[in-house]
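*Asks:* I'd like to ask you about the structure that follows.
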Amino acid sequence: MRPVPTCVLSSSQAPQALHGHDLDAYVQIGSLTKTLTGTALARLAARGVLQLDSPLEEFLPVPPGTGITLRHLAQHTSGLPRLPPRMRRRDPYAAFDDAALHAVLQRLDTLITAPPGQTEEYSNLGYAVLGAALTSATGLSYQDLLKLHVLAPLDITEVTSAPPPDNCLYSRGLFGRPRRPWTMTGAILPAGGLWATPRATAHLVTRLLVARELGEPALSWQRAGTVLWHNGATGDASVFAGATPDGRWVLVHRLTGQADRTDELGIDLLRQAAPGPAESQTPASDRPSGDGHL
């Protein structure tokens, strides 16, 4: 079996890019995108542009009285199902464009499976709706929203919905040909459509979860005891990111859609990691030469 290209960055070891992975090539980060969407929501709430408990109908043309708030969407308690209707198998989100989202919004009340706020069900659809609400509230595109409220304040540039074609890393098929990635540039973008370099993604993890440069971590981060984490997977890529209060952190990215092993590897490495000193809480490329860059 061909080795899976794997990239590992953490608080206690030099960055590793194995089996053809690349620290500085753009890769799909899947649902880790949700943490940036959630951070944008938190920033807008802090500035008074909106409120976490504002009803969804303040921002989007949904039936009145659904009871869904922005907080519900961010915390996966909206009652919306995991996936949009009419998903495809090969490229599941390709047809979920703005028109498809608008059609969903008009009948959103018929899709709710539980009263908002009562149960948690992880929902890609919910984050697509949340992203649409944020762009409606600000009048900005999703990419411009992230740049203004998240990426620029963190001084991070290598995160985008439209990566440079000559610097993208793809999974490869049986005969070594690059596989075509899922199309996630439409309405699903705020739920899982971003591309980033592993190094830039590690910067996000350390600056949001360790240094907390934008304040308390967003509601979109998953919590297991004191650990904050999130994962993501597309057809041919998977990622795990996590951090602990004592400064340990890890980022694992693999060019495979089989996310279970990526999660296991990330959790194991986080348990083994040592908290780094203050000057090493960002990935090694921010420090002087001799940093173990591969």
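So in the working numbering, the last spot in the sequence shown is 1719, and the numbers never skip.
C-beta atoms are modelled at their ideal positions from N, C-alpha and C, and glycine is treated no differently.
(1) Let me confirm a value: Phe1521 is counted as buried when at least 16 other C-beta atoms fall within 10 Å, else exposed. Which label applies?
(2) Check the DSSP bridge columns for Phe1665 and list the partner residues they point to.
(3) Reducing DSSP to helix, strand and coil, say where Pro1517 ends up.
(4) Taking its Cβ as the centre, do 16 or more other Cβ atoms sit within 10 Å of Pro1642, making it buried, or is it exposed?
(5) DSSP beta-bridge partners for Pro1480?
(6) Among all the DSSP beta bridges, which residues are the ones paired with Ser1435?
(7) Using a Cβ distance threshold of 8 Å, determine whether the stretch 1631-1641 contacts the stretch 1665-1681, with at least three qualifying pairs required.
(8) Note the first and the last residue of the continuous alpha helix (DSSP H) segment covering Ala1532.
(9) Which residue's Cα is closest to the Cα of Trp1620: Leu1680, Gly1672, Arg1673?
(10) Taking the alpha-carbon of Pro1578 as reference, which of Gln1476, Ala1465, Arg1602 has the nearest alpha-carbon?
(11) Residues in its own chain within less than 6 Å of Ser1645 by CB, not counting five upstream and five downstream?
(12) Cα separation between Asn1549 and Gln1438?
(13) Alpha carbons only, please: which of Arg1673, Gly1611, Val1584, Trp1674 is nearest the one belonging to Val1452?
(14) Pull the bridge partners of Val1429 from the DSSP assignment, please.
(15) Does any residue of chain C have a CB that is nearer than 8 Å to the CB of Ala1558?
(16) Measure the alpha-carbon distance for Ala1709 versus Asp1671 and round it to whole angstroms.
(17) Let me know if Ser1566 comes out buried or exposed under the rule of 16 or more other beta-carbons within 10 Å of its beta-carbon.
(18) By how many angstroms is the C-alpha of Pro1510 removed from the C-alpha of Leu1485?
(19) Under three-state DSSP, which class holds Val1452?
(20) Can you tell me which of the three DSSP states Arg1686 falls into?
*Replies:* A quick look at the data gives this:
(1) So Phe1521 counts as buried.
(2) In the DSSP secondary-structure assignment, Phe1665 is bridged to Asn1656, Val1677.
(3) For Pro1517, the three-state secondary structure derived from DSSP is coil.
(4) Flag for Pro1642 reads buried.
(5) In the DSSP output, where bridge partners are listed per residue, Pro1480 has Thr1494.
(6) In DSSP, Ser1435 forms a bridge with Gln1438, Val1675.
(7) The count of Cβ pairs closer than 8 Å, one atom from the stretch 1631-1641 and one from the stretch 1665-1681, reaches three, so the stretches are in contact.
(8) According to the sequence as given, residue 1532 is Arg; it is not Ala. No alpha helix (DSSP H) contains Arg1532, which DSSP labels as neither H nor E.
(9) When only C-alpha atoms are compared, the closest one is Leu1680.
(10) For Pro1578, the nearest C-alpha among the options comes from Ala1465.
(11) If we look at Ser1645 and ignore the five residues flanking it on each side, its Cβ neighbours are Lys1459, Thr1460, Gly1463, Ala1499.
(12) Approximately 33 Å, taken between the alpha carbons.
(13) For the set Arg1673, Gly1611, Val1584, Trp1674, the Cα lying nearest the Cα of Val1452 is the one of Val1584.
(14) Beta-bridge pairing links Val1429 to no other residue.
(15) Here there is only one protein chain, and chain C is not present.
(16) Its pLDDT being 37, under 50, Ala1709 is placed unreliably by the model, and nothing is read from it.
(17) In this structure Ser1566 is exposed. Its beta-carbon is surrounded by fewer than 16 other beta-carbon atoms within 10 angstroms.
(18) Those two C-alpha atoms are separated by around 19 Å.
(19) The three-state secondary structure of Val1452, taken from DSSP, is strand.
(20) Of the three classes helix, strand and coil, the one that applies to Arg1686 here is helix, per DSSP.
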